[in-house]
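This report refers to the structure that appears directly beneath it.
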Amino acid sequence: MNDYNFAYLDEQTKRMIRRAILKALAVPGYQVPFASREMPMPYGWGTGGVQVSAACLVPEDRLKVIDQGADDTTNAVSIRRFFERTAGVATTGRTRDATLIQTRHRIPEEPLTRDQILVYQVPIPEPLRFLEPRETETRKMHSLEEYGLVHVKLYEDIARHGQIATSYAYPVKVEGRYVMDPSPIPKFDNPKLESAAVQLFGAGREQRIYALPPHCKVVSLDFEDHPFEASKADHACDLCGSATSYLDEVIVDDAGGRMFVCSDTDYCETRRDAGHLGRLSASGPVTTGQEDAA
Amino acid sequence: MTGGFADPSIQSAWGFRAAMMAMARPGDILKVAGAQAPEPVSVAAAVLLLVLCDPETPVWLAPSHDSVALRRWIAFHTGAPVVEARGDAVFALGAWDSLLPLGGYRIGTAEYPDRSATLIVEMNALRGDGAVLTGPGIADAARLSLPDVAAFRANRALFPLGLDFFFTCGDRLAALPRSTVVAQAAEVV
Chain A
12 MNDYNFAYLD EQTKRMIRRA ILKALAVPGY QVPFASREMP MPYGWGTGGV
62 QVSAACLVPE DRLKVIDQGA DDTTNAVSIR RFFERTAGVA TTGRTRDATL
112 IQTRHRIPEE PLTRDQILVY QVPIPEPLRF LEPRETETRK MHSLEEYGLV
162 HVKLYEDIAR HGQIATSYAY PVKVEGRYVM DPSPIPKFDN PKLESAAVQL
212 FGAGREQRIY ALPPHCKVVS LDFEDHPFEA SKADHACDLC GSATSYLDEV
262 IVDDAGGRMF VCSDTDYCET RRDAGHLGRL SASGPVTTGQ EDAA
Chain B
-6 MTGGFADPSI QSAWGFRAAM MAMARPGDIL KVAGAQAPEP VSVAAAVLLL
44 VLCDPETPVW LAPSHDSVAL RRWIAFHTGA PVVEARGDAV FALGAWDSLL
94 PLGGYRIGTA EYPDRSATLI VEMNALRGDG AVLTGPGIAD AARLSLPDVA
144 AFRANRALFP LGLDFFFTCG DRLAALPRST VVAQAAEVV
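Protein chains in written order, with our numbering: chain A, 12 to 305; chain B, -6 to 182.
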């Protein structure tokens, strides 16, 4: 296959990461420190997720990697190739065929099953970091369950904007104990954090691993009079017509033409293959926004 | 010195996948293979030692399992130091009665609850009946033939501190993290 150890990392590193994963599963939502390694890709490109995936992969796995829902973007393609080369695992774009999915900033639309593992790439694992920059303090706040600041932040959103303006990396409380950053997934995805799959979170630069076991209780923080809302663009997908999936807005010309498409490329393709049509489906390749003007 | 993995990288990956799924889904019983430590250590316990232990993880051996042969096996295959005090251990191995009392193990600190011991409990039988488990990782309720109930309840009361457990019997293993709520079967109608 090649001259790398299976899944790139040496065995001692994998053991260290594996022990951290087990403790993370035992204390859901708590960030376990780990000795993150230099990876052959820069910080910010998923080094945390890659290390967690490397520690979890078995040769029989079928790996899917998504970046903002898409299988074909640079980050997803390079990580998929990395594991094809270093672990020799099969890869797929199909959510339902995958046994391990590494993701940057999305949860697939299709509900995950108990035999799947979802690995998140996390940039800033500490939900309190932008409210309190000192690690010594945030650690104390977690230990004392002192989460008033997060509610103040959400309250300030309401005071300023009339609603909770936080739209991604929306903080959640896990099993009534730890407040956790679900990574910068859109808040539309927050309800999907309660899943049958095992969910692991890896932050390489910040050296933290945390986890959600299956069926873990995950509550998005809110107020009685401003309940949490999983929002999305108020459109249907222009390619597959789905009214329930999370959408990307794409500018298609210089005249203000735009379209909305599913962020989850596999979900969208599967629907189109099944014959579902969107607003722009019949018009062939989309090059202009003329439909809007007509 | 025999009994180690023939293909450490791959067999460790398989062993860990089973250990992780067991810890993620308390009550699930999974099969492992590939390691053989000196008597009376089970295959499953030997796999856990090989997958998880190295020079950074002090191991404490309960009297039921402590032997020169096992100490040598652990030193040769994992490099883990075998310690004399259970309070120094990251992993402990033994039969349930021999591992007691649980009070002496590290349960982590308020700021670092992960710095707690993991106990590998060797069982004569491991079945999906008996005590009722609920909590993270469990859809409704699971059942597992635990050696005790009160001890695991007391451990749960320490959450987020506390001990985490693997139960091993032959080539099968299950796990009970500190987050699981344990009840007697009779208490659940």
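Backbone N, C-alpha and C fix where the C-beta goes; we use that ideal spot for every residue, glycine too.
A distance below 8 Å separates the beta carbons of A:Thr149 and A:Glu137.
Shown here, A:Asp108 sits in a helix according to DSSP, grouped into three states.
The CB of A:Leu129 never comes closer than 7 Å to any CB in chain B; the least such distance is about 12 Å.
Ranked by how close their Cα comes to the Cα of B:Gly20, the residues A:Ala170, A:Pro225 and A:Phe234 have A:Pro225 in first place. Approximately 27 Å separates the beta-carbon atoms of B:Asp0 and A:Lys34; this is outside 8 Å, ruling out the contact.
B:Thr50 carries a coil assignment under DSSP once its states are collapsed to helix, strand and coil. Take B:Phe(-2), set aside five residues on each side of it, and the residues of its chain with a beta-carbon closer than 7 Å to its own are Gln4, Ser5, Gly27, Ala28 and Leu43, in chain order.
In the DSSP annotation of this structure, A:Ile118 is not part of any beta strand (DSSP E), being labelled neither H nor E. Counting other Cβ atoms within 10 Å of its Cβ, A:Val183 reaches 16 or more and is therefore classed as buried. Here A:His116 is buried, its C-beta having at least 16 other C-beta atoms within 10 Å. Judged by beta-carbon spacing, A:Ala109 lies within the 8 Å limit of A:Lys75, meaning their Cβ atoms are closer than that value. Between B:Ile100 and B:Ser91, the beta carbon gap of about 19 Å keeps them out of contact (Cβ cut-off 8 Å).
Per DSSP, A:Gln132 is one residue of the beta strand (DSSP E) stretching across Ile128 to Gln132. Neighbourhood of A:His226 in chain B, by CB distance below 8 Å: Pro129, Gly130, Ile131 and Ala132, in chain order.
Within the segment 6 to 30 of chain B, those residues whose Cβ lies closer than 9 Å to any Cβ of chain A are, in chain order, Ala6, Trp7, Phe9, Arg10, Ala12, Met13, Met14, Met16, Ala17, Arg18 and Pro19. Burial state of A:Gln23 is exposed, judged by a 10 Å Cβ sphere holding fewer than 16 other Cβ atoms. Using a CB distance cut-off of 8 Å, A:Gln23 counts as an interface residue toward chain B.
A:Ala31 is positioned such that its CB atom lies no closer than 8 Å to that of A:Phe17. In terms of Cα proximity to B:Phe159, the closest of B:Val25, B:Ser57 and B:Met16 is B:Met16. The criterion of a C-beta distance shorter than 8 Å is not satisfied by B:Gly123 and B:Thr173. Cα atoms of B:Glu49 and A:Ala98: separation of roughly 26 Å, rounded to the nearest angstrom. Of all residues in the segment 31 to 51 of chain A, those with a C-beta nearer than 8 Å to a C-beta of chain B are Ala31, Ile32, Leu33, Lys34, Ala35, Leu36, Ala37, Val38, Pro39, Tyr41, Val43 and Pro44, reading in chain order. Fully contained in the segment 81 to 139 of chain B are the following beta strand (DSSP E) runs of length 3 or more, in chain order: 84 to 88, 111 to 115, 124 to 127 and 135 to 137. The CB of B:Ala39 never comes closer than 7 Å to any CB in chain A; the least such distance is about 15 Å. For A:Asn16, the nearest beta carbon of chain B is closer than 8 Å to its own beta carbon. In terms of Cβ geometry, B:Asp81 and B:Pro51 form a close pair [threshold 8 Å]. For the pair A:Tyr257 and B:Ala39, the Cα-to-Cα distance works out to about 46 Å.
For B:Gln29, there is no enclosing alpha helix (DSSP H), as DSSP marks it with neither H nor E. Taking a contact as a CB-CB distance under 8 Å, the pair A:Pro193 and A:Ala180 counts as one, their CB atoms being some 7 Å apart. Where B:Gln4 is concerned, the enclosing alpha helix (DSSP H) starts and stops at Pro1 to Ala17.
Residues of the segment 181 to 197 of chain A with a C-beta less than 9 Å from any C-beta of chain B: Val185, Glu186, Arg188 and Tyr189, listed in chain order. At a cut-off of 8 Å between C-beta atoms, A:Pro70 counts as an interface residue with respect to chain B. Counting other Cβ atoms within 10 Å of its Cβ, B:Met(-6) stays below 16 and is therefore classed as exposed. Contacts between A:Lys164 and chain B, judged by CB atoms closer than 9 Å, are missing: the closest CB pair is about 23 Å apart. Per DSSP, A:Ile175 lies in no alpha helix (DSSP H) and is assigned neither H nor E. Rounded to the nearest whole angstrom, the C-alpha separation of A:Glu49 and B:Val75 is 31 Å.
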